[in-house]
Every structure is written in structure tokens, then in C-alpha cells.
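So the protein lines, in turn, are chains D and G. Be aware that the first sequence starts at 1, since it is given in the numbering used here, and climbs by one per residue. Be aware that the second sequence starts at 1001, since it is given in the numbering used here, and climbs by one per residue. Glycine included, C-beta positions come from ideal geometry on N, C-alpha and C. Every value quoted in this text rests on a predicted model; they were computed, and no experiment measured them.
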Amino acid sequence: NAGVTQTPKFRILKIGQSMTLQCTQDMNHNYMYWYRQDPGMGLKLIYYSVGAGITDKGEVPNGYNVSRSTTEDFPLRLELAAPSQTSVYFCATNLQGENYGYTFGSGTRLTVV
Amino acid sequence: AQSVTQLDSHVSVSEGTPVLLRCNYSSSYSPSLFWYVQHPNKGLQLLLKYTSAATLVKGINGFEAEFKKSETSFHLTKPSAHMSDAAEYFCVVSVGYGGATNKLIFGTGTLLAVQP
Chain D
1 NAGVTQTPKF
11 RILKIGQSMT
21 LQCTQDMNHN
31 YMYWYRQDPG
41 MGLKLIYYSV
51 GAGITDKGEV
61 PNGYNVSRST
71 TEDFPLRLEL
81 AAPSQTSVYF
91 CATNLQGENY
101 GYTFGSGTRL
111 TVV
Chain G
1001 AQSVTQLDSH
1011 VSVSEGTPVL
1021 LRCNYSSSYS
1031 PSLFWYVQHP
1041 NKGLQLLLKY
1051 TSAATLVKGI
1061 NGFEAEFKKS
1071 ETSFHLTKPS
1081 AHMSDAAEYF
1091 CVVSVGYGGA
1101 TNKLIFGTGT
1111 LLAVQP
């Protein structure tokens, strides 16, 4: 049982490049989330999904896209990388509802230069 | 609107002394509250959670927190700090949106330093 797996752990992008951050979970959780963490700040929600085929915007969705074709995978896409997207990205899952708690991946540290 | 405020960005204690990390929340209804810990270059780990059961919540590694509705606080404490407690701690409130899902609102974090 691996929990929540994020890849890659580190990445450097040039401005205008694109990339996909991968998130995979083996817990059969319905809810999945993408957060970004900027220095000295708490986490901000980018996108979330309540199940396969369903996604919705969080607080800071601009510049990102997501898809949820399966329960296990919730990739985050950056189409035109900008320096403002330099951050640490966390994927999280939740079975259903707050009382079950959240499980976080170990994060992807992205630098856009 | 729901929000959470961590009152100290940095806290420094000596090993063996008590730890107090302060958190105040704002919520229009009974909230679910969490404390998460993040060690350097690691993901977030759940320390404890309050979900309208007992107001004194015990977590892992000797941490506990008390939900005080009258003070809208959820402070994290530990009787005796250990060097391994040095990390960043996040107070989090869970927000529900019409029953569709619950999302987390994070505080800005408190960096705990433990001196030998």
C-alpha cells in the first residue's frame, strides 16, 4: 500500500514550457486535491475532484488544468509555465468527507526559470 | 467565511520544555480542525483532528490540542519538546460546500525550533 505517490519530486522548467505533475493513489479514495505551497504561506487549493470524470476549480486554478479519468490518477497540467508557478505542489486524497482525514503525497518541487 | 490564523510564525523552545503553538479559527458553523506537521523536504503528516467529539484531542508523538469554542481557538501543546519535533506546523480548518466536498483551509504555518 503506497498511499499517495507524486512524480517527479523535483523539476526545473523554462518559461513557456509545459509539464504534467503526476499523482497516483492506491487507497480507492474518491476525493483528490492539488495544492500549492509558497514560501511562508499555507497551502492553496488549485483543483479538486470528487470522483472519476468530475473536477472543479479551487482558489488558484489559473494556469493549470486537471483530468480524472480513473479513481487512481489525478494529473495536474501546466501548459505555459511562468515564474509565478514556482512552488511546491502537493496532491492529497480523502475517502469521503472531512472525518476520514486527508492523506498527502510527498510533494513536487517545481522551479520555473 | 472560514479562516484560520496561526499567531506565531516562529517558536523556539529548549529540549524538554513545553510547546505551545497557537491557532485561532473563524467558522460560521461547527468546524473540523486539524494540525499537520511538515518536516523539511517532506510531505504533510496528520498530527490530530477535532471533529465535534471530545474537545481535548490527543494526537501522535505526545501532541494534543484543545478545542475552545468560546475562544475560537485550537492550540497545539506538548509537555516536553524533543529535537525531532523541529518542523513546520499547520493549523487547518475543513470547509464544506453544500455537501459536495470538503476542502482544507491552511494557516500560514509555525516553524518550531528546538534548542539542545
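DSSP beta-bridge partners of residue i
| i | result |
| --- | --- |
| Met41(D) | According to DSSP, Met41(D) bridges with nothing at all. |
| Leu1076(G) | Leu1021(G), Ala1065(G) |
| Leu1007(G) | Answer is none; Leu1007(G) lacks a bridge partner. |
| Leu1104(G) | Ser1094(G) |
| Ile46(D) | In the DSSP output, where bridge partners are listed per residue, Ile46(D) has none listed. |
| Arg68(D) | Arg68(D) is not bridged to any residue. |
| Gly51(D) | Ile54(D) |
| Leu21(D) | Leu76(D) |
| Ser1084(G) | Paired residue(s): none; Ser1084(G) is not in a bridge. |
| Ser1012(G) | Ala1113(G) |
| Tyr1089(G) | Val1037(G), Thr1110(G) |
Limits of the beta strand (DSSP E) - the one that residue i falls within
| i | result |
| --- | --- |
| Leu976(G) | One cannot answer for residue 976(G) here, as it falls past the ends of chain G, which runs 1001 to 1116. |
| Gln1115(G) | 1110-1115 |
| Asn94(D) | 87-94 |
| Ile12(D) | 10-13 |
| Gln6(D) | 4-7 |
| Val112(D) | 108-112 |
Rounded straight-line distance, which links the Cα of residue j to that of residue i
| i | j | result |
| --- | --- | --- |
| Ala1113(G) | Asp1008(G) | 12 Å |
| Trp1035(G) | Tyr31(D) | 20 Å |
| Pro39(D) | Gln85(D) | 12 Å |
| Leu95(D) | Tyr1050(G) | 17 Å |
| Tyr33(D) | Ala92(D) | 5 Å |
| Met41(D) | Thr55(D) | 25 Å |
| Pro1116(G) | Val1011(G) | 14 Å |
| Glu72(D) | Tyr102(D) | 15 Å |
| Phe1067(G) | Pro83(D) | 40 Å |
| Ser1027(G) | Val60(D) | 21 Å |
| Pro1031(G) | Ser1052(G) | 8 Å |
Sequence-distant residues of its chain with Cβ nearer than 7 Å to residue i (five each side left out)
| i | result |
| --- | --- |
| Gly58(D) | Leu45, Ile46, Tyr47, Tyr48 |
| Gln22(D) | Gln6, Thr7, Pro75 |
| Leu110(D) | Arg11, Leu13, Gln85, Thr86, Ser87, Tyr89 |
| Ile1105(G) | Gln1002, Ser1003, Val1004, Val1092, Val1093, Val1095 |
Chain-order list of residues whose beta-carbon lies under 6 Å from that of residue i (same chain, five-residue window excluded)
| i | result |
| --- | --- |
| Gly1016(G) | Ser1080 |
| Gly1062(G) | Lys1078 |
| Gly1099(G) | Bear in mind that a pLDDT of 47 at Gly1099(G), under 50, signals an unreliable position, so the number given afterwards is only what the model happens to contain. No residues qualify anywhere along the chain. |
| Lys1103(G) | Val1095 |
| His1039(G) | Ala1087 |
(message) Report the start-end ranges of each beta strand (DSSP E) in the region 1018-1057 of chain G that is 3 residues or longer and not cut off at the edges.
(response) Listed in chain order, the complete beta strand (DSSP E) runs (minimum 3 residues) inside the region 1018-1057 of chain G are 1019-1021, 1023-1026, 1032-1038, 1044-1050.
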